[in-house]
Amino acid sequence: MTETNTNQAKLIYVLYLAGFITGGVTSLIGVVMAYMARGDADEMLKSHYTWQIRTFWIALVASLVGGVLTIVLIGFLVLLGLAVWLIVRCVKGFQQLEKGEPIEDVESWLV
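Okay, so the sequence shown: first residue is 68 according to our numbering, each after it adds one.
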């Protein structure tokens, strides 16, 4: 595993978190980077890239549902829950990456 590849995966986690400030633009950049890097990655990094890609798509769908549900006010709770979920997934992934460990259950919808 090269340090550059690890740094790219770390950068993607940071881009996802920066999406709160940029309105999601950096998250979009992050998912494109994850798709591009996943093919050449070793198994440990591949698990992180898959986790990041799934995080992006699940968050996108949840944000659309939350946005629609704001009409009936429950959407604000959905969006708040989504924000907490996204932060926890990014922190968990970053911590696993720091330890040099793969994400164990990349197919999980939870954390």
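Just so it is clear, CB atoms sit at the ideal spot from N, CA and C, and this is done for glycine as well.
According to the DSSP assignment, E110 belongs to the alpha helix (DSSP H) that extends over E110 to L136. For M103, the closest C-alpha among the options I120, L149, G160 and A129 is that of I120.
The Cβ atoms of S130 and L140 do not sit closer than 8 Å to each other.
Taken atom to atom, the span from the alpha-carbon of I138 to that of V151 is near 21 Å.
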